[in-house]
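Below you'll find the structure, written out as structure tokens, and then a few comments.
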Amino acid sequence: MSQSRDKSGEQVVLGREHAPETTAGHHGLEWEEPLLFELDSAGRAGVDLPEVGLEKNRLGGLERRRPIGLPGLSEPQVVRHFVRLSRKNYAIDAGIYPLGSCTMKHNPRLNEKLARLPGFAEAHPMQPAETVQGALELIDTLAHWLKTLTGMPAVAMSPAAGAQGELCGLMAIRAALEHAGDARQVVLVPESAHGTNPATAAICGYQVEAIPGNGRGRVDLAQIEARLDTDVAAIMITNPNTCGLFEYDINRIAEAVHGAGGYVYCDGANFNAIVGLVRPGDLGIDCMHINLHKTFSTPHGGGGPGSGPVVFSEALAPFVPLPYVVHGADGYRLVEHRDQEPGAALSFGRLKAFHGQMGMFIRALAYMLSHGSDGLRQVAEDAVLNANYVLARLKDVMTPSYEGPCMHEVLFDDGFLKDTGVSTLDFAKAMIDEGVHPMTMYFPLVVHGAMLIEPTESESRHSLDQFIAIMRRLAEDAKAGRVERFHGAPFYSPRRRLDEVRAARQPVLRWSAPTAEAAE
Amino acid sequence: MRYLPHTEAERQALLAVVGAGAIAELYVDVPAEARLEGLLDLPPHQGELEVERRLAALAAKNLTAASAPSFIGAGAYRHHVPAAVDHLIQRSEFLTAYTPYQPEVSQGTLQYLFEFQTQVALLTQMEVANASMYDGASACGEAVLMAARVTKRNKVVLSGGLHPHYRDVTVTMTGFSDFRIDARPADLDGSEDLSALADEATACVVVQNPDVFGRPHDLRPLARAAQAKGALLVVAVTEVVSLGALLPPGAMGADIVIAEGQSLGNALGFGGPYLGLFATRQRFVRQTPGRLCGETVDVEGRRGYVLTLSTREQHIRREKATSNICTNSGLCSLAFTIHLALLGEEGFRRLARLNHARALTLADAVNEVEGAEVLNRSFFNEFTVRLAKPAAEVVSAMAERGILAGVPAARLFPEADGAEDLLLLAATETNTEAEIAAFTEALQEVLS
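Keeping their order, the protein sequence lines are chains A and B. Residue numbers for the first sequence follow the numbering used here, beginning at 5 and rising by one. Residue numbers for the second sequence follow the numbering used here, beginning at -4 and rising by one.
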């Protein structure tokens, strides 16, 4: 509380209503920061590079002569700019980040250090193989861990992220079917699936058919069996699924799909719930992508980079993309072309310019070595325990969508907000005022006003209890009609609710220099 | 286990609140036969020191540009990255944030994405740019898919000067849809002319500039020829620093520009993660793949940023989305943005000139070597050399002498006749005169 003295010299407390309009809109530690382009001073630079003329050049008469329009800033200005921007972000390093299906776990700093070792960071992807034996061995070692953890015989390392992993899996399936002269056209995707699943199937040229749930948060086995026919190429199933539940019929689904001549693609986004405890290879699947930026802790970086290796069954292994690493008498080498050796002849092609997200491989392997077989198992158990603890402590004030224990994430719907005038969106924004990042909202689409909470194994009991206290308080406030805190939320964030309709109707996607007229 | 907060006693306490006697009760839905009883055959957990030793030993087995003179380009380039870049991208608030789905607490990420989009639009001289793709090659594939949406056509011409990895990714990404791809043979001698290949069924013509052999092109005649038939011109740039010296694709009529952004802010890193740049015309923006950040205001009227036009994207449109991309290259685009902010107009121009100057020095020195001949009349920082011996053998022999000598053209184009004796060489501001001298001296030895 701020204190001041009144006329008689007595100390009085001044409330927040006395908070001033500040000169430039800054609020204490939080600064209003202009765009880089608004900080420009022509001729200034944050680097010192020698000047060389281009009087004698071999650019073929194609020199760029007009100004590009880049702003000039010194190093201290650039550093302050980005430090100030960084303060406007929530981050897992600052607190719980319970985004369901995103697995926002702690990102160990050892992994950052190792990814920057010059022997990795300065290696060029097109060096001769004999000069990069350590890099190739690292990829091969990570591949071994992934194959062992999933119980699958093959792995494609190059996919850049989960969605590209999905593409990799479906392309291998399509290539295998076409190789067998089988031109199936349909991919089945449960209603609860990530949007990337149907989008991926469409890029692969497939028609997508949605499979409804069974009322208990799982895909409906009977519906699948009824739909299966010789036109179904594959099912894309997420297990554990996006309702935070294990698909208990998975083996029977796989049997049915295989019986009809199709393949089972598993979205491995939720592998964190079962790593070290269950091998997807024992569940009858044919391929599965693994988000290294989820289960294996590589930082999400505000939207990437990710890494999405895909494990494969024997049946699909011949179709994996190029390039890949092999180990022979002469050490490790890369197979880059279909005609380089007989085993590569059936590869469906290439997904990335080079061999994959090496920087993420290093981090993921460091994470695996740090945990070991025992620690990874503990990761899954703690993740599942934490989610069930949240479920147990919130189920009396919120509405769990399904009965029974959950896996590593717990799904609530907005039933507990019925007639309160508070929506899932309002509830999420009020969480921001309480200092925690909201859970995943309105996903999956199969329940009304979904709130999907994934605490991960990184949260201590203390952290979970703080989170639970906030959620209970908000649920109680909503039910008690204290709606202003929801409808106005967030009040305490760097920005309050943003006008997304305006952003979409009149898209402004870049800064433009103000015209002379506007500047006056 | 240093990353796991729970003690055994706490686990038991939490289990009691959950109402389970053992953790196994939470896995009741897993078929019993699929539950592993014991540990998998992998080593047990280790401390930081042990893990660091293990990976440092692997890193030490590589011969890299950290210690060896390197003249390798071909789609990935070694540049000096200012120290501030890596420091800033490791700030927790950038490194450990998720995709900015809650804009009120993600303005840091969103503002730099807006700045990134502006920088990319300026460099390419295009109207708009997206918030990044996985890499240049996948951006190339996405550009072709987009061109087909825009033109409602399915024929595609890929230049023989396009990096073959970009070609292969594009062929793969379009392989299971109704496309007709005309991938031209490797343009070893620079004689390719695509202007007659676009017709009324052509969605786009894809060229690289400078091409994979290092030759810059005036693309204006090709742009006119393609657009006269209603086709789009897609221009790929693998070395984004070239845009500081060469006429940008947007000034030569490009409809879509895709580029590899690794050169700014990002290490070679044995091939990834990198970042794809994607820029186009304003009128195509609703057909653009990937995330877009847009300016708006909050309820108090303050300027702010959000992810926008998301009705194009997979999480809304599902199978009708413009792309399946979700996670992209956020932190790599931050590194790019910071590096380019430090460079500014002046620094970026100087960097480009310096690269060209180093390549000129290298080219002159190589031409002095008996049995080596620079084929390019023009280039930016990379060119093609004809050697008196097979290039792959030369590269191996040079590696034995501790020099990373470039990329044999036959590694990129194994199918091309006459590529065996061609070597792609690149020089950047990181190459010293002494390195160039050491290189040519070793090359002379290897060739004689």
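For glycine and all other residues, C-beta sits at the position ideal for the given N, C-alpha and C. Quick caveat: nothing in here was measured; it's all calculated off a predicted structure.
Any 3 or more C-beta pairs closer than 8 Å across the segment 157 to 174 of chain B and the segment 129 to 143 of chain B: yes
Whether Y(-2)/B touches H412/A by CB criterion (7 Å): no
Alpha helix (DSSP H) runs contained entirely in the segment 420 to 490 of chain A, provided each spans 4 or more residues: 428 to 437, 465 to 483
The segment 304 to 316 of chain A / the segment 135 to 143 of chain A touching (three or more Cβ pairs under 8 Å): no
A28/A versus E37/A: straight-line alpha-carbon distance, rounded: 10 Å
One or two residues paired with E368/B in a DSSP bridge: Residue pairing of E368/B in beta bridges, as defined by DSSP: R381/B.
Length of the line joining the Cα atoms of A238/A and R256/A: So the two alpha carbons sit approximately 15 Å from each other.
Residues bridged to D177/B [DSSP beta-bridge criterion]: V152/B
Which residues DSSP lists as bridging C299/B, in chain order: The residue asked about is misnamed: residue 299/B is Gly in this sequence, not Cys. G299/B is bridged to T291/B.
Helix, strand or coil at A203/A [DSSP, three-state]: helix
Contact with chain A by K384/B, beta-carbon distance below 7 Å: no
T234/A - DSSP class collapsed to helix/strand/coil: Three-state result, T234/A: coil.
Rounded straight-line distance, which links the Cα of A206/A to that of E251/A: 24 Å
Per DSSP, the bridge partner or partners of P95/B: DSSP, once it has assigned bridges, lists no residue as partnering P95/B.
Beta-carbon gap between A229/B and L189/B smaller than 7 Å: Note on identity: in this sequence residue 229/B is Val, with Ala being the wrong assignment. No. Outside cutoff.
Backbone CA spacing between D163/B and Q227/A [nearest angstrom]: 39 Å
C-beta contact flag for T59/B and E116/A at 7 Å: no
Three-state secondary structure assigned by DSSP to N57/B: In this structure, N57/B counts as coil in the three-state DSSP scheme.
Cβ pair count under 8 Å reaching 3, the segment 495 to 506 of chain A against the segment 262 to 275 of chain B: no
Selection of the segment -4 to 16 of chain B by Cβ proximity to chain A, strictly under 8 Å: M(-4), R(-3), Y(-2), L(-1), P0, H1, E5, R6, A8, L9, L10, V12, V13, G14, A15
P211/B at chain C interface by Cβ criterion, 7 Å: The structure shown has no chain C; the protein chains it does contain are A and B.
CB contact below 7 Å: F171/B versus chain A: yes
Beta-carbon proximity check, Y393/A vs G221/A, cutoff 7 Å: Note that the C-beta distance between Y393/A and G221/A is not below 7 Å.
Assigned exposure category for P71/A - 16 Cβ within 10 Å defines buried: Classification of P71/A: exposed, given that the 10 Å Cβ count is below 16.
Three CB pairs or more closer than 8 Å across the segment 365 to 374 of chain A and the segment 26 to 35 of chain B: Cβ pair count under 8 Å is below three, so no.
Within chain B, partners of C208/A - CB distance below 7 Å: F171
Through-space distance from P211/B to G248/B, alpha-carbon basis: 15 Å
CB contact check: K150/B to chain A, cutoff 7 Å: no
C-beta atoms of F378/B and V369/B nearer than 7 Å: yes
Local Cβ density within 10 Å of K150/B, reported as buried at 16 or more and exposed below that: buried
The segment 265 to 274 of chain A in contact with the segment 290 to 300 of chain A per 3-pair CB rule at 8 Å: yes
Cα-Cα separation, D206/B to K384/B: 24 Å
C106/A: contacting residues in chain B (beta-carbon distance under 7 Å): Y93
Secondary structure of M5/A, DSSP reduced to three states: Any answer about M5/A is weak, because its pLDDT of 46 lies below 50 and its placement is not dependable; what the coordinates show is given next. M5/A: coil per DSSP, three-state reduction.
Chain-order list of residues whose beta-carbon lies under 8 Å from that of A147/A (same chain, five-residue window excluded): V159, M161, P313, V329
Under the three-state DSSP convention, the category S101/B falls into: strand
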